[in-house]
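A.B. asks: Residue numbers (numbering that gives the first Met the number 0), protein chains in the order written: chain D, 0 to 343; chain S, 0 to 343. Note that beta-carbon positions come from the ideal geometry of N, C-alpha and C, so glycine has one too. Owing to the predicted nature of the structure, the values given are computational and were not obtained by experimental measurement. Below: one structure in structure tokens.
Number of protein chains: 2
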Amino acid sequence: MNCPKTARIQEKNSQDLIKSLKKVCHAELASLNEVILTHLEQRIPQIAEVAKHLILAGGKRLRPLLALACYRALDCTPNNETSFKMVELAASIEFIHNATLLHDDVVDDSPTRRGRPTANALWGNKPSILVGDFLFAKAFELMLGANEKRVLPILAKVCQTITEGEVFQLAYLKTFDLDDTILLRIIGSKTASLFAASCEIGAALLGESEETQKGLHHFGYNLGVTFQIIDDLLDYIGDTVSLGKKVGDDLREGKVTLPLHIAYQKSHDGDKRLLEDIIKRSGSNTSDFDTVISILHKSGAVEESYTRAWHYANEAVKGLSPLKNSSIKNILENLGASFIVRDN
Amino acid sequence: MNCPKTARIQEKNSQDLIKSLKKVCHAELASLNEVILTHLEQRIPQIAEVAKHLILAGGKRLRPLLALACYRALDCTPNNETSFKMVELAASIEFIHNATLLHDDVVDDSPTRRGRPTANALWGNKPSILVGDFLFAKAFELMLGANEKRVLPILAKVCQTITEGEVFQLAYLKTFDLDDTILLRIIGSKTASLFAASCEIGAALLGESEETQKGLHHFGYNLGVTFQIIDDLLDYIGDTVSLGKKVGDDLREGKVTLPLHIAYQKSHDGDKRLLEDIIKRSGSNTSDFDTVISILHKSGAVEESYTRAWHYANEAVKGLSPLKNSSIKNILENLGASFIVRDN
Numbered sequence: 000m001n002c003p004k005t006a007r008i009q010e011k012n013s014q015d016l017i018k019s020l021k022k023v024c025h026a027e028l029a030s031l032n033e034v035i036l037t038h039l040e041q042r043i044p045q046i047a048e049v050a051k052h053l054i055l056a057g058g059k060r061l062r063p064l065l066a067l068a069c070y071r072a073l074d075c076t077p078n079n080e081t082s083f084k085m086v087e088l089a090a091s092i093e094f095i096h097n098a099t100l101l102h103d104d105v106v107d108d109s110p111t112r113r114g115r116p117t118a119n120a121l122w123g124n125k126p127s128i129l130v131g132d133f134l135f136a137k138a139f140e141l142m143l144g145a146n147e148k149r150v151l152p153i154l155a156k157v158c159q160t161i162t163e164g165e166v167f168q169l170a171y172l173k174t175f176d177l178d179d180t181i182l183l184r185i186i187g188s189k190t191a192s193l194f195a196a197s198c199e200i201g202a203a204l205l206g207e208s209e210e211t212q213k214g215l216h217h218f219g220y221n222l223g224v225t226f227q228i229i230d231d232l233l234d235y236i237g238d239t240v241s242l243g244k245k246v247g248d249d250l251r252e253g254k255v256t257l258p259l260h261i262a263y264q265k266s267h268d269g270d271k272r273l274l275e276d277i278i279k280r281s282g283s284n285t286s287d288f289d290t291v292i293s294i295l296h297k298s299g300a301v302e303e304s305y306t307r308a309w310h311y312a313n314e315a316v317k318g319l320s321p322l323k324n325s326s327i328k329n330i331l332e333n334l335g336a337s338f339i340v341r342d343n
Numbered sequence: 000m001n002c003p004k005t006a007r008i009q010e011k012n013s014q015d016l017i018k019s020l021k022k023v024c025h026a027e028l029a030s031l032n033e034v035i036l037t038h039l040e041q042r043i044p045q046i047a048e049v050a051k052h053l054i055l056a057g058g059k060r061l062r063p064l065l066a067l068a069c070y071r072a073l074d075c076t077p078n079n080e081t082s083f084k085m086v087e088l089a090a091s092i093e094f095i096h097n098a099t100l101l102h103d104d105v106v107d108d109s110p111t112r113r114g115r116p117t118a119n120a121l122w123g124n125k126p127s128i129l130v131g132d133f134l135f136a137k138a139f140e141l142m143l144g145a146n147e148k149r150v151l152p153i154l155a156k157v158c159q160t161i162t163e164g165e166v167f168q169l170a171y172l173k174t175f176d177l178d179d180t181i182l183l184r185i186i187g188s189k190t191a192s193l194f195a196a197s198c199e200i201g202a203a204l205l206g207e208s209e210e211t212q213k214g215l216h217h218f219g220y221n222l223g224v225t226f227q228i229i230d231d232l233l234d235y236i237g238d239t240v241s242l243g244k245k246v247g248d249d250l251r252e253g254k255v256t257l258p259l260h261i262a263y264q265k266s267h268d269g270d271k272r273l274l275e276d277i278i279k280r281s282g283s284n285t286s287d288f289d290t291v292i293s294i295l296h297k298s299g300a301v302e303e304s305y306t307r308a309w310h311y312a313n314e315a316v317k318g319l320s321p322l323k324n325s326s327i328k329n330i331l332e333n334l335g336a337s338f339i340v341r342d343n
């Protein structure tokens, strides 16, 4: 079915673009909410409490939204059996994402997320680990409900890939002995893989051509890399209130992200030693943090990070070429750019 | 295909019976090992290291063995496509089980398992959580490989049920304010559900009658309850060397298991106060432990636990009635009883 063509969307602001996407997908998002709530109504009250604390905390629902939007860019027929399957798959993606967040917050010992105390801060690590497992299991159940042969392997694979990325990152804590390839592998596995899966499953569900599915995978993957580079940058130069989490988390956890790696590469020996010392101590005082921010700026790492993010945002757009023109395609084309100017 | 009938198996010893089962299923077990090893060969060395540490540590592989044995009790045709699917499903079950063990050991802060330090003791909690997630994802991939509509929902559901049981148990730590129903729900969810799923998936895969599948579910469930009651008892009266883990873990973790609950119910007020005090403190010194063991014996709780275990072992056998007579059926019939006289 051809989707309505509209005037080119002008908003470059991420929040406005996401609002536009939400408007286009409002029917599916309403179903998504219902599916999520139904699956969180639990016989075990503590599971519902912990899961709802995170999932209903006002996260952006970016990944299921991308999944629904990419699906709608291919087929605008509302409320048929396939669109309901798509909603279940989108819910499955949101559950996978939130399961990884619950476990990440334990692994990283994070105190806040989405502007609220984390589940591990409120209830301890045990419920977070177990409810994370529960959400993975729920995600499996939801995928199986859709039971589509082309979709299931994508989602099964992505769960592995995310975990591989997390474990891989553990091996590179507190060291500058890494390179672009390693960092892109971490970003690719941890973040971009789920963006890619989200964007391509609609095409897989609809039985679209391999070219279309691969294109949407490429779009999602590069959009995910863009998103993560900016996320890593905002962890230094962002604002706690806008982000809903503390800045400086990566430094405290000893994570050398792309901006910090670039700063190290571009710095003279004196600053290199300073950065090494701070990351080894997982420096968390204000003075350490200010030192790193100052080096990020003066080395040109902030600018270079933006340049890299633009590269991936432009690359993402190429993946959309198999799609027919539509208002949704237009929004998707601008999404990467909007991530770069976002502040949360 | 009719399976060979042999003379009635006489061994009542658990290890001998399991050896007999392994002999009957040796071809499938060899394939199982290959599948497990192939799926543990990882691009990320730390994942392979942590996963192999646990999975190759000489665990009994009881659940996949039960799965293969129940399958073979229904169909003895070796090396066909279905039997290979069954091996993949059995590997999936072993991965689910080991994922829950990795997470359990973090949740319980356990120092040893299968006679060796736990993964969390060796490498810390982070790799254990993440590699547990990885094994769940691998389990899911393996299930999808078999892609059987009657099997997948059983395995998706059981992952949820296990986690529900774990979370439910957290709500009842350090308290005697519980009853038989609550304890059986915990045992049923945490342990018996995976035994039940293991035993019934072969019937589901082969498209056997609902009666047969339900029978094998009943067998597995009751066998699992038997196993867990004895496991809980051995945590007090067992031997560290035979068990491969420390005795007294449950008491240290503040878990009121069935034997302790029975002891509390059967004790006079003085001993009740003693038990309450010890469980509140999660008493872990030798004197506390000896006090509890003494109360377990004098209250008759040890005997009563054995009586209950026998009840479930006998109940398990009823589930096997739809099966034709065979040497495997004969072994399975004796398995519950052998669990009761086991020492590890």
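Please tell me whether A191 (chain S) and V224 (chain S) are closer than 8 Å, where the distance is taken between their beta carbons.
C.D. replies: yes
A.B. asks: Given a cut-off of 8 Å, decide if L134 (chain D) and I161 (chain D) are closer than it, judged by their beta-carbon atoms.
C.D. replies: no
A.B. asks: Any Cβ of chain D within less than 8 Å of the Cβ of E163 (chain S)?
C.D. replies: yes
A.B. asks: Between which residues of its own chain and I278 (chain S) is the CB-CB distance below 8 Å, once the five residues before and five after are set aside?
C.D. replies: K173, T174, F175, L250, G253, V255, L259
A.B. asks: So, helix, strand or coil for R272 (chain D), using DSSP?
C.D. replies: helix
A.B. asks: Hey, I66 (chain D) and A89 (chain D) are a contact pair by Cβ (cut 8 Å); roughly how many whole angstroms apart?
C.D. replies: Reading off the sequence, residue 66 (chain D) comes out as Ala, not Ile. Contact between A66 (chain D) and A89 (chain D) holds: their C-beta atoms lie close to 4 Å from each other, under 8 Å.
A.B. asks: For a minimum of 3 consecutive residues, which ranges assigned as the beta strand (DSSP E) are wholly contained in the stretch 101–171 of chain D?
C.D. replies: none
A.B. asks: Looking only at its chain, what residues have a beta carbon closer than 6 Å to the beta carbon of R149 (chain D), apart from the 5 residues adjacent to it on each side?
C.D. replies: A distance below 6 Å between beta-carbons, with the five flanking residues on each side excluded, links R149 (chain D) to the following residues of its chain, in chain order: A203.
A.B. asks: Which residues, in chain order, does the stretch 28–52 of chain D contribute to contact with chain S at a C-beta distance below 9 Å?
C.D. replies: Q41, R42, I43, P44, Q45, I46, V49
A.B. asks: Kindly say whether L121 (chain D), judged by its beta-carbon, lies nearer than 8 Å to any beta-carbon of chain S.
C.D. replies: no
A.B. asks: State yes or no: is the beta carbon of K137 (chain S) nearer than 8 Å to at least one beta carbon in chain D?
C.D. replies: Residue-level contact check: K137 (chain S) touches chain D, since one or more beta carbons of chain D fall below 8 Å from its beta carbon.
A.B. asks: Taking buried to mean at least 16 other C-beta atoms within 10 Å of its own C-beta, is T180 (chain S) buried or exposed?
C.D. replies: exposed
A.B. asks: Name the chain S residues whose beta carbon is nearer than 7 Å to that of I128 (chain D)?
C.D. replies: Chain-ordered, the chain S residues with CB closer than 7 Å to the CB of I128 (chain D) read H102, V105, V106, I128.
A.B. asks: Below 8 Å, can you find three or more Cβ-Cβ pairs linking the stretch 138–154 of chain S to the stretch 104–112 of chain D?
C.D. replies: no
A.B. asks: By how many angstroms is the C-alpha of I236 (chain S) removed from the C-alpha of N284 (chain S)?
C.D. replies: 16 Å
A.B. asks: Residues of the stretch 271–298 of chain S with a CB closer than 8 Å to any CB of chain D: list them in chain order, please.
C.D. replies: none
A.B. asks: So is A170 (chain S) in contact with chain D if we call contact Cβ pairs under 8 Å?
C.D. replies: yes
A.B. asks: If you measure between the beta carbons of L169 (chain S) and Q45 (chain D), is that distance less than 8 Å?
C.D. replies: yes
A.B. asks: Quick one, which of D:F338, D:L39, D:I153, D:N119 has its alpha-carbon nearest L215 (chain D)'s?
C.D. replies: D:I153
A.B. asks: Measure how close the beta-carbons of G164 (chain D) and I185 (chain D) come, nearest whole angstrom, since I'm counting them as under 8 Å.
C.D. replies: 5 Å
A.B. asks: Quick one, which of D:N313, D:H310, D:K265 has its alpha-carbon nearest I294 (chain D)'s?
C.D. replies: D:K265
A.B. asks: Run through DSSP, which three-state label would K173 (chain S) get?
C.D. replies: coil
A.B. asks: Which complete alpha helix (DSSP H) runs does the stretch 204–266 of chain D hold, if anything under 4 residues is left out?
C.D. replies: 209–236, 239–242, 248–251, 257–265
A.B. asks: Taking a contact to mean a Cβ-Cβ separation below 8 Å, would you say E303 (chain S) touches I261 (chain S) in this structure?
C.D. replies: yes
A.B. asks: When you compare only the Cα positions, how much space is there between N313 (chain D) and E27 (chain S)?
C.D. replies: 51 Å
A.B. asks: So what's Q45 (chain D) in DSSP terms, helix, strand or just coil?
C.D. replies: helix
A.B. asks: Tell whether a beta-carbon distance below 8 Å holds between A72 (chain S) and L331 (chain S).
C.D. replies: yes
A.B. asks: Where do the ends of the alpha helix (DSSP H) carrying K18 (chain D) lie?
C.D. replies: 13–23
A.B. asks: Which residues of chain D have a Cβ atom closer than 8 Å to the Cβ of L151 (chain S), listed in chain order?
C.D. replies: L143, N146
A.B. asks: Which same chain residues, not among the five before or five after I92 (chain D), have their C-beta less than 6 Å away from its C-beta?
C.D. replies: R62, P63, A66, S197
A.B. asks: Could you spell out the range, first to last residue, of the alpha helix (DSSP H) harbouring K297 (chain D)?
C.D. replies: 285–297
A.B. asks: Tell me the DSSP secondary structure of S91 (chain S) in three-state form.
C.D. replies: Helix.
A.B. asks: Reducing DSSP to helix, strand and coil, say where K323 (chain S) ends up.
C.D. replies: coil
A.B. asks: Between the beta-carbon of L319 (chain S) and the beta-carbon of L16 (chain S), is there less than 8 Å?
C.D. replies: no
A.B. asks: Is K189 (chain S) close to chain D? Criterion is C-beta to C-beta, closer than 8 Å.
C.D. replies: no
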